[in-house]
Structures are given as C-alpha cells and as structure tokens.
Amino acid sequence: MSELETTDNFRSFVNGDGANDDGDYENDDDYQDDVGVQDEEEVDSELQNEDDGDYDEFWIPGLSKEECISIDSMVDIRQFDMKEISDEVVRRLDFGDLELAYQFYCWYAKMSGFSESYNLRYKDTKRKKKKSRCGCEAIFRVRVHFLTDRWYVTCWNFGHNHVLLDLKLSCLLAGHRKMSASDIMQVENYRKVGIRPPHMYAAFANQCGGYEKVGFIRKDIYNEEGCMRRQHSSDARGALKYLYDLCKKEPMMYVSCTADEESRLQRLFWSDTESQLLYQVFGDVLAFDATYKKNKYLCPVVVFSGVNHHNQTIVFVAAIVTDETEETYVWLLEQLLVAMKGKAPCSIITDGDLAMRNVITRVMLGVSHRLCAWHLLRNALSHVRDKHVLKWLKKLMLGDFEVVEFEEKWKEMVATFELEDNSWIAELYEKRMKWSTAHLRGHFFAGIRTTSRCEAFHAHVAKYVHSRTNLTDFVEQFQRFLTYFRYRAVVADYSSTYGKEVLQTNLRSLERSGDELFTKEMFQLFQSYLCRTIKLRVVDCKDMATFSVFTIVKYCSGSVWRVSYCPSTIEFTCTCMRMQSIGLPCDHILAVLVSLNFMELPSSSVLNRWSKLATKQIKDKYPDSAMYWDSQLMGRYATLVEVSREVCAAAYRDEEEYDKMLHFLSNEATRMKSKQNSEHCVDDNQTHQQDDDFAGILDPVVVRSKGCGQVGMDESGRQRRIQKCRQCGGIGHNKRSCTNHPRNVNGCMSSTEQTSSMLQATHENYSEVVMITICILLMLDKMQEPQTQSFVAGSSRVEFDR
1 MSELETTDNF RSFVNGDGAN DDGDYENDDD YQDDVGVQDE EEVDSELQNE DDGDYDEFWI
61 PGLSKEECIS IDSMVDIRQF DMKEISDEVV RRLDFGDLEL AYQFYCWYAK MSGFSESYNL
121 RYKDTKRKKK KSRCGCEAIF RVRVHFLTDR WYVTCWNFGH NHVLLDLKLS CLLAGHRKMS
181 ASDIMQVENY RKVGIRPPHM YAAFANQCGG YEKVGFIRKD IYNEEGCMRR QHSSDARGAL
241 KYLYDLCKKE PMMYVSCTAD EESRLQRLFW SDTESQLLYQ VFGDVLAFDA TYKKNKYLCP
301 VVVFSGVNHH NQTIVFVAAI VTDETEETYV WLLEQLLVAM KGKAPCSIIT DGDLAMRNVI
361 TRVMLGVSHR LCAWHLLRNA LSHVRDKHVL KWLKKLMLGD FEVVEFEEKW KEMVATFELE
421 DNSWIAELYE KRMKWSTAHL RGHFFAGIRT TSRCEAFHAH VAKYVHSRTN LTDFVEQFQR
481 FLTYFRYRAV VADYSSTYGK EVLQTNLRSL ERSGDELFTK EMFQLFQSYL CRTIKLRVVD
541 CKDMATFSVF TIVKYCSGSV WRVSYCPSTI EFTCTCMRMQ SIGLPCDHIL AVLVSLNFME
601 LPSSSVLNRW SKLATKQIKD KYPDSAMYWD SQLMGRYATL VEVSREVCAA AYRDEEEYDK
661 MLHFLSNEAT RMKSKQNSEH CVDDNQTHQQ DDDFAGILDP VVVRSKGCGQ VGMDESGRQR
721 RIQKCRQCGG IGHNKRSCTN HPRNVNGCMS STEQTSSMLQ ATHENYSEVV MITICILLML
781 DKMQEPQTQS FVAGSSRVEF DR
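Position 351 of the sequence shown, counted from 1, bears residue number 351 in UniProt numbering, the numbering being contiguous throughout.
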C-alpha cells in the first residue's frame with residue numbers, strides 16, 4: 001500500500017512552513033478528491049489483499065513485536081532523554097493512540113526549545129505580532145496500524161534551522177504553557193471567592209516553589225477566566241440555570257422571572273429555603289432597598305432584608321430588575337407574598353422612593369411604613385445648609401419625645417432658623433408620621449430606623465462583584481456571600497450559648513434570668529436598661545379592678561412614666577411603649593419588677609424573636625448539610641491535593657519509591673478517567689435539556705438607573721460619544737465579546753480542548769470527519785473575515801494530514 005493511498009490513515013507533526021514531503025498534496029483539490037474517493041470499502045479490500053502473516057511477524061513494518069517500544073502513557077514518554085534520543089529509538093516507537101504520539105512530540109519540543117500550539121489567525125488583526133515561522137522542515141509523522149489500532153512512526157526529521165531555546169525559556173512558549181484540569185479547578189475556586197488573577201498567580205507560585213515552576217503565566221489565568229465567563233451562550237440563561245439547579249437541591253426554593261417583548265430578561269426574583277424559614281420567624285420587619293452598579297448591565301439589585309435574634313442583618317429575597325417603576329415594585333411585592341406563603345410583614349423601612357411608597361400603600365395594606373432617617377438627613381444637606389438645623393432635625397427624628405413635645409420643638413426650630421418659607425421643610429413635616437419616632441411609637445420596627453443595614457450588606461457584596469460582573473457570576477457570588485452572612489449567626493449562637501455573661505448589677509437573679517433567655521447582643525442591651533433602674537423609683541401605685549398603675553419618676557428629672565400591670569396575665573405596659581417598639585422590657589418596667597420582687601423575667605416580657613430559642617424550629621427543618629456550593633467536595637479536593645504534595649515531596653528523591661508511586665497513580669488515573677467518561681455522557685444529556693428550557697431568554701440591555709446623571713455627558717458637561725460594537729453596531733458590548741464575531745461562533749473551546757477533539761476524531765469514521773471539515777471550510781469562506789487554522793507558536797507548526 002503506497003503512502004499516497006493511505007493519506008487518510010496517518011497524521012504528521014511538522015515544524016516549519018512549507019514543509020512538503022511525500023505525503024503532502026500540492027493542491028487542495030487533489031487532496032479533497034483523493035479523500036472522498038477512498039471510502040471504507042476500498043480500505044477493507046486493501047486489507048484483504050495484505051498477507052495476514054506479515055502482521056503476526058512484524059508489529060511495525062520491518063520490526064518484530066519484541067523490537068518495538070510501546071508507549072501507553074505519559075509515564076512512558078517521560079522516561080526518554082529527549083536531548084539524546086536517536087533515530088533508531090524513534091523508529092521503534094509504538095503509540096497506543098494518536099494523542100500519545102502528539103504528546104510525545106510536544107514533550108520533545110519542550111525539552112529541545114521550540115513549541116507548537118493551535119492558533120486562529122484573522123486577516124484584519126489590529127496589533128501585529130512577531131513572526132515565528134521560519135520554514136523549518138522538522139517533522140514527525142505517525143501512521144495507524146489497522147489490525148492493532150496502534151500508531152507507529154513513518155517519517156521524522158529533528159533538524160532545525162533556527163535557534164533552540166533553553167529549557168527555562170521554552171517553558172514560556174505558548175505551546176508549553178498548559179493549565180491542567182486541577183489548575184483550572186483551582187482557578188475556578190479562587191474566582192468564586194473573589195480572588196483576582198494576580199493573587200491567584202502568586203498563590204500558584206507559592207505552591208510550586210517559584211514562578212518559574214508554575215508552568216503558565218498570569219495572562220493564561222485571565223484567558224481561562226474569560227472562557228469560564230463565556231461558557232454559557234446567554235448570560236441570563238446561565239443565571240437561570242444556576243438558580244434552577246439550586247431548586248433541585250432545595251424543593252422550597254422559589255425562583256421567578258419575566259421577559260420583555262424582545263424576550264430579554266426583565267425581572268429576576270429568588271428566595272432560597274433558609275431565607276423563607278428565617279422569614280417565618282424574623283419577617284415581622286422588612287427593609288427594602290436597591291443598590292446599583294453591581295453587574296455589567298447596571299441593573300438595580302433589590303434586596304429585602306431584616307434582622308435576626310442576634311441583631312444581625314439577614315436577607316430574605318434578592319431580585320434583579322431593569323427598571324424601578326411602580327409596576328416592577330408591585331410585581332416584587334406580589335412575588336414576596338407568594339414565596340413567603342402569603343405572610344406579610346408588620347413594618348417596612350424604605351429609602352423614601354416615591355414608587356416604593358405608592359406600591360406599599362397599594363399592596364401592603366395595614367403595614368407600618370417608615371422612611372429611612374439616614375436618607376432624609378442626607379437630602380437635608382442639599383436643602384438646608386445650616387449645620388445647626390441638621391442637628392435639630394436629627395434630634396427630632398430619633399429622639400424619644402411625646403407627640404405634644406415633638407410639635408413644640410418643631411415650631412421652635414422653624415421659628416429659630418426662619419424656615420417658614422422653606423418648601424422642603426414643609427414637605428418633610430407633612431410626612432412626619434413616617435419618620436418621627438414620637439409618631440411611630442408603639443409600632444414594632446425591631447430597633448431599625450434606617451436602611452443602613454442594607455447599605456452595609458451592599459458594601460460587603462461590592463468586594464466580590466463590580467460593574468463588569470455578568471449575571472451568572474453575580475448570582476453565584478451573591479449566594480456564596482449570603483452563606484457567609486448566615487455563618488455569622490452560627491458564630492453568634494456559639495458566643496451566646498458557651499459561657500455566662502459577667503453580671504454588672506446587684507439585681508443578680510433578674511440579671512441572670514435575662515442572660516439565660518436573651519442572646520448575647522440582646523442581653524447587653526437589656527443589661528444597660530437594668531443598670532438605669534438605679535435612677536428610677538416608684539412613687540405611686542393605684543389599684544384598679546383588674547390591673548394596677550405604677551408611677552415612675554427619674555432621679556433629678558421631671559420626667560414621669562406610668563406602667564400598667566395585670567396580675568392575671570402577668571403583663572406589663574409602659575407609656576414609653578418601648579416594649580411594643582423594640583421588643584425588650586424598658587427600664588421603667590424593670591423598675592416595677594424590682595419593686596414587686598420578681599426574681600426572673602416573666603414570659604410576657606421576653607419576645608421570642610430575641611431569645612436563644614428563636615431559630616429552634618428552623619434547625620429542625622433545615623439540614624446543616626444543605627449548602628449552596630459543594631463545600632464538602634471542595635474540602636475533599638483540598639485534602640487530596642495536600643496529601644499528594646506530601647507524597648511527591650517524599651517520593652521524588654528515591655528512585656524506587658518514585659517508580660512505585662508513579663505506576664500506582666497512573667493506574668488509578670486511568671481507572672477514574674474511564675469511570676468519569678461513562679458518567680459524563682448522562683450529565684451532558686441532562687445539561688442540554690436544561691439549556692433548552694431557557695433557550696428563549698436573552699440578556700438584558702444596559703439600563704439607566706435613577707440618579708445616574710444626564711445621558712451622554714462627561715464630567716465637564718460635554719456630549720460623550722456613545723461606544724458601539726464594531727462587529728454588529730450594537731451598544732453594551734465590544735467586538736471581542738460580540739456573539740456575532742467569528743471567534744465566538746464556535747464557543748470558547750480552549751486550544752488544548754480543540755487539539756484533543758481533533759485527535760479523538762481520528763478514531764471516528766474518516767470520511768465523515770473529512771466531509772464535515774469541508775462543510776465548515778465552505779461556511780468560513782463566506783464570512784467577512786476569513787480565518788486559517790494551524791498549530792503555530794515560536795517557530796514550529798504541527799499539521800494533521802488527512
């Protein structure tokens with residue numbers, strides 16, 4: 001059988017341009033015609049004409065089976081000294097598959113000082129790169145043996161017409177900068193926790209013992225991160241897929257979304273299992289706030305949060321919206337009620353947005369609404385320049401006054417600073433029922449007077465996301481950071497349970513009772529109230545039919561409070577209404593308890609949401625093992641890596657131990673890869689089915705949120721030119737990230753994956769592979785920017801002849 005006739009059955013690895021040996025075709029038409037003519041029947045007929053005895057006697061033509069050197073793994077390849085390898089040894093090589101032959105040549109190239117790699121070139125490249133092709137005729141060709149299905153060397157030339165690099169420099173060639181699967185997994189884990197590529201690279205260098213031992217450069221990490229971000233054909237579909245994957249782990253998780261007329265994602269709402277369970281206990285108070293510039297679409301992120309029994313911020317719901325209209329807020333509140341099984345909060349705190357206020361009045365009937373004091377004071381800075389007025393406003397907002405006293409002080413402020421004609425002050429007074437502590441007394445807000453808790457949460461989230469974060473990464477980072485916020489409650493539970501607080505008063509029985517009932521944070525607040533009882537005394541007690549009224553006065557002060565006590569129910573109420581507003585017994589009630597010789601707090605004075613047992617029902621329903629990322633798997637991986645490093649450090653100096661461990665690890669790697677490949681087929685089918693479910697959802701457009709400034713104006717007030725994509729003319733992206741760009745048509749497959757796929761294709765039907773290749777080439781010819789595929793880097797090239 002001539003070499004020309006079996007062109008479809010061998011591959012060549014060539015170093016240099018224009019290398020044309022006996023197996024290369026002078027023009028492409030002859031090559032394509034020859035491949036198309038020789039089908040499977042002709043190959044079978046040729047095999048039948050061969051003498052079967054020749055294959056028994058000669059494993060490789062001219063060599064017996066005993067004379068051949070079998071290469072079945074990378075371990076076999078690395079046993080050779082590539083700088084001293086002879087032609088006779090190369091002729092006797094026998095490879096188990098084509099990829100091993102390719103890896104052999106790659107290893108030889110690295111040890112010799114040149115490289116090969118897959119490259120995709122465009123005619124209109126903006127920045128010209130250094131030329132690395134020099135017409136080197138180095139070649140390494142292998143052919144498949146039909147009966148044994150193994151590959152052997154038919155042609156090789158290791159001579160070069162260029163300078164070969166030292167090993168220290170050849171490691172920097174693109175063809176030899178390979179990131180292993182474990183490196184990519186580690187990069188992904190680093191990326192998930194917000195570690196940036198420069199710090200990742202430093203961590204790799206620390207693990208390997210130096211930057212020269214890492215095996216790749218920092219740019220490779222950036223490239224790999226880009227591939228990870230482009231794994232999903234649609235950013236919106238990627239975010240939805242992630243959330244619906246969580247739904248499979250948590251049946252209670254609620255996810256809802258809407259799309260606009262163009263099928264672009266418009267609203268995305270989600271609440272996981274633990275958020276819903278926490279809402280059942282701590283959902284009496286809800287803070288409603290939006291944050292901006294946390295994703296590349298600039299979509300506002302709306303967070304519904306509250307406070308737990310440790311006085312810590314907890315998140316009930318998160319949503320991504322493209323606008324902040326009343327219709328959007330109505331949809332969000334309706335979804336909140338659906339997710340929380342119809343339970344509405346008792347009180348809501350907002351930043352004062354008009355659309356929010358109108359929607360709460362329409363949807364949340366009977367709910368107490370409070371405006372954020374911090375936002376009001378910030379707005380006051382732009383309407384009232386006098387700092388003394390700001391001090392008065394702050395005192396009126398947060399001071400514990402009676403309503404009559406508040407009205408008197410407001411009139412005094414207006415008269416003192418001549419604010420009668422200030423329209424903003426007049427408008428603020430009209431809304432006093434929503435911000436004045438005097439008018440909101442008796443409404444339970446759990447001590448929350450501002451949305452600063454939401455702002456603090458957003459500030460923490462901003463450490464992991466930014467204005468260039470896509471939706472998929474944002475949702476993943478948000479859920480991951482949410483687990484950290486929840487873990488703080490675990491630490492606080494430990495702090496409240498382990499040990500006893502130091503008592504600070506002589507009312508030891510009553511104080512110890514509070515320590516046993518309240519969490520640490522709430523007990524410290526209760527303790528401060530108890531310490532203030534020393535300044536209070538009961539001056540009068542009137543017995544009524546079913547209750548008694550105690551009059552309380554403060555030392556050296558004219559303030560008077562009255563506490564009602566019902567002996568039948570053991571309930572206390574005070575005119576300060578702090579128990580109804582905060583949920584803790586005020587110092588006036590505590591003074592009455594002391595006068596009545598109570599040894600411990602009555603149950604009516606202990607609100608369950610502040611007690612140590614507040615989350616007991618949650619712990620019974622929510623399993624501790626249900627986490628939002630596979631923390632157990634990550635722990636296993638880290639353990640295996642650490643143990644592997646210890647084994648490597650102990651075995652690489654001893655040749656006997658080295659060979660023993662290398663053989664063992666190679667066998668185990670082969671066994672586990674075959675197991676994973678069998679399971680991977682099933683996972684791929686499920687993944688394709690999930691992608692089809694979200695096939696109609698497109699990415700949102702870049703939006704303009706409230707208060708972001710004038711359109712198209714820079715800091716100096718001049719008109720700013722709108723940036724458009726050079727590929728499609730759209731806005732919100734550039735040519736590199738455009739989905740219509742030829743480089744993104746075939747996805748984001750890395751060079752290693754593309755090389756492996758080409759190698760694996762040789763074991764398929766050759767005629768089908770060639771026909772598909774011809775069709776792809778014809779399609780590429782029709783594109784505006786023709787592209788050429790070749791394996792290029794440094795000064796060498798690898799070709800696959802068919």
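Glycine residues also receive a C-beta, built at the ideal position from the N, C-alpha and C atoms. On a predicted model such as this, the values are computed, not experimentally measured, just so you know.
Along the chain, where does the beta strand (DSSP E) containing residue i start, and where does it finish?
i	result
F269	265 to 271
I71	69 to 71
F288	285 to 291
Can you find the residues in the same chain that come closer than 7 Å, C-beta to C-beta, to residue i, ignoring five residues on each side of it along the sequence?
i	result
K394	L377
M661	V647, A651
I71	I77, L93, D94, F95, G96, L100, F104
W424	H383
D515	K500, E501, F523
H741	Q727, K735
Looking at the secondary structure, which residues open and close the alpha helix (DSSP H) in which residue i lies?
i	result
K83	From DSSP, K83 is part of no alpha helix (DSSP H); its letter is neither H nor E.
G514	508 to 517
R562	Not the alpha helix (DSSP H): R562 falls in the beta strand (DSSP E), residues 560 to 566.
F114	Where F114 is concerned, there is no enclosing alpha helix (DSSP H), given that its DSSP letter is neither H nor E.
residue 805	Only positions 1 to 802 of the chain appear in the structure, and residue 805 is not among them; the question remains open.
F478	471 to 497
H388	387 to 398
Suppose contacts are defined by Cβ-Cβ distances below 8 Å. Is residue i in contact with residue j by that definition?
i	j	result
S568	V549	no
M82	Y108	yes
A438	F401	yes
D235	D289	no
A492	Q723	no
S263	I618	no
K434	H375	no
G194	Y464	yes
V461	A239	no
T505	L536	no
H458	T670	no
A138	N157	yes
V255	V153	no
T533	Y242	no
Rounded to the nearest angstrom, what separates residue i and residue j at their Cα positions?
i	j	result
E88	L63	11 Å
A426	A259	42 Å
V359	Q477	30 Å
D149	K673	21 Å
S767	R141	In this prediction, S767 scores a pLDDT of 39, lower than 50, which makes its location untrustworthy; no coordinate-derived value is stated.
L169	F216	12 Å
S528	M579	15 Å
L246	L665	35 Å
R488	L503	25 Å
S604	N206	59 Å
R726	M252	45 Å
K213	D166	15 Å
residue 803	S737	As shown, the chain starts at 1 and ends at 802. That puts residue 803 outside it, with no answer to give.
E455	F114	55 Å
Y555	L590	16 Å
A446	G558	28 Å
P585	L336	32 Å
E326	M356	7 Å
N608	I314	17 Å
D220	P198	11 Å
residue 813	L98	Absent from the model: residue 813. The displayed extent of the chain is 1 to 802, so no value can be given.
I320	L333	13 Å
Who are the Cβ neighbours of residue i in its own chain at under 8 Å, not counting the five residues just before and after it?
i	result
V592	V538, F550, I552, V563, Y565, F572
S509	M599, E600
Closer than 6 Å by C-beta to residue i: which residues in its own chain qualify, once you throw out the five before and the five after it? Chain order, please.
i	result
Y279	F316, M340
### Query
Does the region 335 to 348 come within contact of the region 272 to 292, defined as at least 3 CB pairs closer than 8 Å?
yes
#### Entry: the region 440 to 450 touching the region 414 to 432, judged by at least three CB pairs closer than 8 Å
no
### Query
Within the chosen definition, does the region 612 to 619 reach the region 593 to 603 through at least 3 CB pairs nearer than 8 Å?
no
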